[in-house]
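Here is the structure we will look at.
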Amino acid sequence: MSPEERQQVEHDTRLAIYRFQTDAYRNLRYSIATAIIIFGLFVGSDVFLGNADGARLWPCLVLLLSAALSAGHFAASGTRPRLALQLLLAAVLTTIVGVILLVAVSSGAR
Numbered sequence: 221m222s223p224e225e226r227q228q229v230e231h232d233t234r235l236a237i238y239r240f241q242t243d244a245y246r247n248l249r250y251s252i253a254t255a256i257i258i259f260g261l262f263v264g265s266d267v268f269l270g271n272a273d274g275a276r277l278w279p280c281l282v283l284l285l286s287a288a289l290s291a292g293h294f295a296a297s298g299t300r301p302r303l304a305l306q307l308l309l310a311a312v313l314t315t316i317v318g319v320i321l322l323v324a325v326s327s328g329a330r
């Protein structure tokens with residue numbers, strides 16, 4: 221194999237690995253965003269059904285906010301990838317806060 225062919229094979233291999241990693245990270249971000257939307261809407265539906273009253277209302281609203289932030293990730297992912305990543309990070313953090321609040325309210329009610 222000539223040095224030029226070897227260089228071309230090495231370049232093609234690096235490019236294929238880069239594309240694979242880029243697709244894998246994009247799929248991971250989309251999966252996280254989708255899971256947050258589903259979880260936020262599932263728990264947040266208690267607000268609309270009237271099951272979230274009193275102290276349980278705030279964690280449900282926080283989880284609805286995280287679902288909205290996650291939906292914003294999908295809206296911004298095509299045109300503004302940096303904003304989309306920031307929205308996803310905010311959605312993950314608000315989901316964590318919402319789950320902690322939900323556990324605290326549920327354990328405090330017993």
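The opening residue of the sequence shown carries number 221 in this note's numbering; numbering runs sequentially from there. Every residue gets a Cβ at the ideal spot worked out from N, C-alpha and C, and that includes glycine.
Segment contact flag, the segment 254-261 with the segment 234-241, C-beta cutoff 8 Å, min 3 pairs: Contact annotation: the segment 254-261 does not touch the segment 234-241, with fewer than three C-beta pairs closer than 8 Å.
Helix, strand or coil at THR233 according to DSSP, with G and I counted as helix: helix
Simplified DSSP state of THR299, which is helix, strand or coil: coil
Assigned secondary structure, ASN271 (DSSP; H/G/I helix, E/B strand, else coil): coil
Cβ contact check for the segment 259-278 and the segment 295-304: 3 or more pairs under 8 Å: no
ALA170 versus LEU284 - alpha carbon distance: Residue 170 is absent from the structure shown; the chain starts at 221 and stops at 330.
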